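To start, the structure under review is shown below, and the notes come after it.
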Amino acid sequence: MEHRYDPHAVEQRWQARWDADGAHEVRTDASRPKFYCLEMFPYPSGRIHMGHVRNYTIGDVIARQRRMRGFNVMHPIGWDAFGMPAENAAIERGAHPAEWTRDNIAYMRAQLRRMGFSYDWRRELATCDPGYYRWEQRFFLAMLERGLAYRKKSIVNWCERCQTVLANEQVEDGKCWRCESSVRERDLEQWFLRITAYADELLAGCDRLAGWPEKVLVMQRHWIGRSVGAELRFALEGREGEILVFTTRPDTVFGATFVSLAVEHPLVAALSRGTAQEAAVDAFVREVRAKTPEERAEGKDGVFIGAYCRHPLTGERLPIYAASFVLMAYGAGAVMAVPCHDQRDFEFAGTHGIPKKLVVQPEGEPPLDPTHMPAAHEGPGRLVGSGEFDGLTSDEAKARITAAAEARGFGRAATQYRLRDWGVSRQRYWGAPIPVVYCDACGIVPVPDAELPVVLPVDAEFTGSGGSPLAKLEHFVRTSCPTCGREARRETDTFDTFMESSWYFLRYTAPGEAARAFDGEAIRYWLPVDQYVGGVEHAVLHLLYARFFTKVLRDLGEIPDWEEPGESLEPFGNLLTQGMVIKDGAKMSKSKGNVVDPDYLVERYGADTARLFSIFAAPPERDLEWSDQGVEGASRFLHRIWRIVARGRGWLAGAPAAGSAAPSADARVLRRLTHKTIARVTEDVERRSHFNTAVAAVMELVNGYAERIREEAPADDGLGAAIVEAVRVTILLLAPFVPHIASEIWEEIGDGRPLAAAPWPEADEAALVQDEVEMVVQVNGKVRGRFTAAPDTAEDELLVRALADPKVQAQIAGKPVRKTHVVPGRLVSLVV
RNA sequence: GCGAGAGUGGCGGAACUGGUAGACGCACUAGACUUAGAAUCUAGCCCGCUCGUCGGAUGGGGGUUCGAGUCCCCCCUCUCGCACCA
């Protein structure tokens with residue numbers, strides 16, 4: 003052991019040793035309990051950033067601690083290697099996306115190794131590898147066969163800058179989630195995955211995810227957005243046909259005084275044609291469709307389309323409007339408008355002079371007057387003006403009116419979701435090719451399994467304009483139809499990269515398998531992921547898609563079901579969403595110029611300091627404010643431990659003296675601190691995931707014995723033994739956080755076994771027992787005195803001792819004590 | 001607007017089920033060591049004063065309780081998510 007702590011020498015030495023020993027390689031072993039610890043894999047952007055350091059340190063602490071606990075721990079890493087930055091680099095710098103990605107992976111892999119993360123590197127995978135995405139192509143074709151993948155022309159979110167389509171989840175505030183430019187609507191033929199078919203299971207599964215943050219579950223439930231109501235049909239007046247609407251308020255149907263259609267609704271053009279309104283409707287539709295989604299969200303505009311429909315129950319004539327706020331993509335793209343009981347319809351009716359009809363009267367309130375209501379009444383109540391349904395509560399009426407609609411043939415119960423099917427086509431090069439062929443004679447033809455993978459060709463040109471480079475590659479596009487053999491065209495779109503990240507955690511269980519996607523035995527053993535760690539920004543995107551994919555793969559028979567029969571199959575048992583790394587009040591980003599490079603940290607202080615700082619500065623789920631001085635503090639703590647141990651190495655390394663018959667009070671106090679610390683750290687790491695307080699507890703322990711370690715052993719043998727125990731425990735408890743320095747010190751003063759084989763310490767209950775506890779005496783709620791007593795002192799006795807305190811007597815001042823509370827081991831409370 | 005979370009020293013943060021508020025770290029102050037500095041060690045470090053085992057203090061106001069940072073009600077501020085989903 004060197005006199006002075008040299009992090010680089012220590013870290014290189016142990017990293018080399020772990021590699022040589024295959025220390026973190028794991029195999030499926032049914033005889034041992036498993037623990038699957040996973041962090042969200044990185045996009046190989048070039049270099050790791052502090053967010054990665056934090057994310058992967060948290061995961062590594064958990065992985066290493068569970069290993070010490072005896073679990074067979076799988077801790078894998080890989081690369082989310084497809085995506086637009088690689089293509090942009092090609093356009094800007096001429097580097098091929100494949101080379102750019104490969105070089106980035108090489109650099110970042112070296113960075114992760116220098117951090118000392120305990121990955122099983124044999125399981126490493128990159129999603130741009132054809133050996134990976136070929137399975138995805140097969141899953142897609144299986145989905146196609148089952149109708150879970152389909153092609154349709156639809157209005158899509160188009161990002162001009164990225165020249166591609168975006169899923170709804172990738173549009174934030176009307177802007178592209180990656181480049182933040184405005185998104186426009188565009189009509190395109192796209193491939194979709196039928197995630198809506200799994201809406202109910204995805205929703206039900208949320209209730210079983212007890213190990214997820216409530217906030218993420220709330221976001222997912224809201225995103226799925228299940229609403230129960232009815233579909234009702236309103237017959238057109240004077241011609242064949244009807245308007246289908248979805249409503250969650252069938253109880254208010256008698257209050258409908260008009261019907262609103264989305265401007266994209268086919269009946270808008272059809273019904274207005276030839277009427278006096280035709281020109282006005284055309285102009286309005288053009289105006290609205292030219293708007294960006296956020297512009298469109300501003301007002302509640304609309305126009306009468308010159309046609310009427312009939313109320314299904316009263317036969318009344320209702321005008322039909324086209325309205326900007328009605329969404330074609332939700333429900334039937336049409337709504338029955340009930341001004342008195344829906345605020346949007348209320349406002350719309352006001353500006354267009356449409357009558358309002360009250361049909362729900364809130365109970366226990368004076369009757370509402372539709373002509374003087376300041377706002378719609380959207381709450382419940384009893385029905386009025388609704389014929390045979392008058393007097394029913396809203397809830398009763400919902401059921402009765404829906405039943406009536408069904409019986410009379412103008413509607414039925416229906417459920418709608420906010421969730422839309424997942425559009426997976428991207429007009430980009432650097433992604434997995436979609437394995438289908440278009441044949442003039444046979445239509446859409448899947449690429450036969452034997453011809454998979456459809457490999458992404460390397461010889462594309464990257465100009466940055468004119469759409470996908472793949473479409474310009476004749477030798478790729480021109481192919482023959484697998485069915486009829488005639489000339490055909492390949493699909494030139496590639497998959498959304500969220501496809502690859504939706505199943506990588508399954509592939510880690512059998513990374514080298516060339517003949518099949520998964521090994522069922524391995525899946526059954528390792529899944530679900532016991533702890534998943536990643537950024538909250540994926541609360542709906544990645545985490546919803548991955549849950550969906552897991553269920554689909556089960557239904558396709560690709561993976562076994564590891565849950566109880568009838569339960570939703572969930573991939574991630576526990577989820578920890580870590581906060582962002584902040585500097586000067588803002589997220590670290592190149593554009594803000596507030597980035598701290600992990601390489602600099604590791605060079606200057608070493609990986610253990612970088613790890614310790616990112617753990618200690620804040621609890622994991624909260625944002626972490628960067629602090630140069632905080633890093634200094636972390637480094638100082640490691641140097642301090644080194645120094646303390648180096649000072650006492652002469653006697654600390656010897657075998658601990660067996661506990662002498664009657665240890666001194668000093669020794670007992672230190673032993674108690676040691677075992678209290680074990681209990682606290684274990685609780686913080688395993689149950690609370692409060693790694694910052696776990697480290698603080700170890701620091702307290704060190705403070706408790708540091709000054710007693712001199713070059714010479716203390717004269718008190720019992721104390722010497724207690725110190726040796728305390729130091730060893732310190733190193734064991736720190737091992738998951740700062741594994742290099744812990745290994746080095748353990749080699750010097752450990753119990754002879756390698757640290758890798760040392761178990762996590764167990765708190766000794768007997769050592770925790772206190773001889774005496776400090777009792778507090780409160781008078782009228784204020785602390786007025788203290789005394790010490792044995793923890794098992796009787797309550798009567800404690801009361802007597804409390805009253806004997808002169809300070810307490812002074813406060814009581816002869817007044818009668820009206821009430822007493824004794825909490826043994828804590829306090830005596832007196833009221834006068 | 002709706003939903004979720006959070007407001008504690010100069011700073012990051014502790015206080016888990018109501019029981020000594022401010023653990024741990026940073027910064028700061030004084031002292032020791034040193035030619036000097038760095039490093040290290042020792043002590044102090046919420047505010048106030050009449051310097052006491054004193055008074056006040058966990059965004060503001062009220063309540064429950066012997067006792068509230070913690071529970072309940074009202075208000076203020078901040079962060080995040082969703083925002084015409086019929």
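In the numbering used here, the protein residues as written are 3 to 834.
A virtual CB, placed ideally from N, CA and C, is assigned to each residue, including glycine.
Predicted, not measured: the structure shown is a model, and the values here were computed from it.
Quiz item: For Y7, does the three-state DSSP call read helix, strand or coil?
Solution: Reduced to three states, the DSSP call for Y7 is coil.
Quiz item: Which full runs of the beta strand (DSSP E) of 3+ residues lie inside the segment 735 to 794, going along the chain?
Solution: Unbroken beta strand (DSSP E) runs of no fewer than 3 residues, entirely contained in the segment 735 to 794, are found at 775 to 781, 784 to 791, following chain order.
Exercise. Using the DSSP secondary-structure output, state which residues sit across from H477 in a beta bridge.
Key: Residue pairing by DSSP places H477 opposite no residue, since no beta bridge is assigned to it.
Self-check item: Buried/exposed call for K155, threshold 16 Cβ in 10 Å
Solution: So K155 counts as exposed.
Self-check item: Through-space distance from C39 to P763, alpha-carbon basis
Solution: Going by the C-alpha atoms only, they are around 21 Å apart.
Quiz item: Which of the three DSSP states, helix, strand or coil, is assigned to W160?
Solution: W160 carries a strand assignment under DSSP once its states are collapsed to helix, strand and coil.
Self-check item: S274 vs E266 beta-carbon contact at 9 Å
Solution: No, Cβ-Cβ distance for S274 and E266 is not below 9 Å.
Quiz prompt | Contained alpha helix (DSSP H) runs [length at least 4] in the segment 501 to 527, N- to C-terminal order | solution = You should have 506 to 509.
Quiz item: How big is the Cα-Cα spacing for L736 and L204?
Solution: Distance between the alpha carbons of L736 and L204 is about 39 Å.
Self-check item: Reference M582, options G752, V830, R56, closest by Cα
Solution: If we check each option's Cα against that of M582, R56 comes out closest.
Self-check item: Reference G411, options A434, V439, L315, closest by Cα
Solution: Of A434, V439, L315, the residue nearest in Cα terms is L315.
Quiz item: DSSP puts K155 in a beta bridge; with which residues?
Solution: DSSP, once it has assigned bridges, lists E191 as partnering K155.
Practice problem: With DSSP as the reference, label G61 as helix, strand or coil. | Solution: G61: helix per DSSP, three-state reduction.
Quiz item: On the three-pair Cβ rule with 8 Å, is the segment 618 to 627 touching the segment 575 to 590?
Solution: Contact check between the segment 618 to 627 and the segment 575 to 590: three or more CB pairs, one atom from each, fall below 8 Å, which counts as touching.
Self-check item: Pick from S184, P215, L219, L143 that is closest to W193, judged by C-alpha positions
Solution: Taking the Cα of W193 as reference, the smallest distance to any Cα among S184, P215, L219, L143 is reached at L143.
Quiz item: Using the beta-carbon count (16 or more within 10 Å), is I107 buried or exposed?
Solution: Using a 10 angstroms sphere on the CB of I107, the tally of other CB atoms reaches 16 or more, which defines it as buried.
Self-check item: Cβ-based burial, G333 [other Cβ within 10 Å; buried from 16]
Solution: So G333 ends up on the buried side.
Exercise. Examine the Cβ distances between the segment 544 to 556 and the segment 134 to 151 and report whether three or more of them are shorter than 8 Å.
Key: Contact holds: three or more Cβ-Cβ distances are below 8 Å.
Quiz prompt | Contained alpha helix (DSSP H) runs [length at least 4] in the segment 575 to 656, N- to C-terminal order | solution = Within the segment 575 to 656, the alpha helix (DSSP H) runs of at least 4 residues that lie entirely inside it are, in chain order, 600 to 607, 609 to 618, 630 to 654.
Quiz item: For H51, which of helix, strand or coil comes out of DSSP?
Solution: Residue state, collapsed to three classes: coil.
Quiz item: Which residues share a DSSP beta bridge with Y419?
Solution: Looking at the DSSP assignment, Y419 forms a beta bridge with R228.
Quiz item: Can you find at least 3 beta carbon pairs, one from the segment 172 to 189 and one from the segment 157 to 164, that sit closer than 8 Å?
Solution: Yes, the segment 172 to 189 touches the segment 157 to 164.
Quiz item: In terms of residues, what are the limits of the beta strand (DSSP E) holding V167?
Solution: DSSP places V167 in the uninterrupted beta strand (DSSP E) bounded by 166 to 168.
Quiz item: Whose C-beta lies closer than 8 Å to the C-beta of L329 among residues of the same chain, with five residues either side of it excluded?
Solution: Cβ contact annotation for L329 (same chain, cutoff 8 Å, sequence separation greater than five): A264, G335, in chain order.
Quiz prompt | Proximity winner among E101, R111, E94, D23, relative to D601 (alpha-carbon distances) | solution = Comparing Cα positions, the closest option is R111.
Exercise. Would you decide whether D23 is buried or exposed? Buried here means 16 or more other CB atoms lie within 10 Å of its CB.
Key: With fewer than 16 other beta carbons inside 10 angstroms of its own, D23 counts as exposed.
Exercise. Tell whether a beta-carbon distance below 9 Å holds between A378 and C342.
Key: Cβ atoms of A378 and C342: closer than 9 Å.
Quiz item: With a cut-off of 8 Å, do at least 3 Cβ pairs link the segment 466 to 486 to the segment 501 to 519?
Solution: The segment 466 to 486, when compared against the segment 501 to 519, does not touch it at the 8 Å Cβ threshold.
Quiz item: Between the Cα of D563 and the Cα atoms of W644, L529, F550, which residue gives the shortest distance?
Solution: For D563, the closest C-alpha among the options W644, L529, F550 is that of L529.
Quiz item: Any idea if Q172 is buried or exposed, counting beta-carbon neighbours within 10 angstroms, 16 or more meaning buried?
Solution: Buried is the label assigned to Q172, since at least 16 other Cβ atoms lie within 10 Å of its Cβ.
Quiz item: Within 10 angstroms of its Cβ, does P44 collect 16 or more other Cβ (buried), or is it exposed?
Solution: So P44 ends up on the buried side.
Quiz item: Ends of the beta strand (DSSP E) at K821?
Solution: Run containing K821: 821 to 825, per the beta strand (DSSP E) assignment.
Quiz item: Based on Cα-Cα distance, which residue from R491, R148, P621, A206 lies nearest to E569?
Solution: The shortest CA-to-CA distance from E569 to any of R491, R148, P621, A206 is the one to A206.
Self-check item: Whole-number beta carbon distance between V247 and L234, since they are thought to touch under 8 Å
Solution: Right, the Cβ-Cβ distance comes to about 5 Å (below 8 Å), so this counts as a contact.
Practice problem: Write down the C-beta distance between L127 and R755 rounded to the nearest angstrom, noting that I regard them as a contact closer than 8 Å. | Solution: With a Cβ gap of about 34 Å, L127 and R755 do not count as contacting.
Self-check item: DSSP state of W214 mapped onto helix, strand, coil
Solution: Looking at W214 - three-state DSSP - the assignment turns out to be coil, as it is neither helix nor strand.
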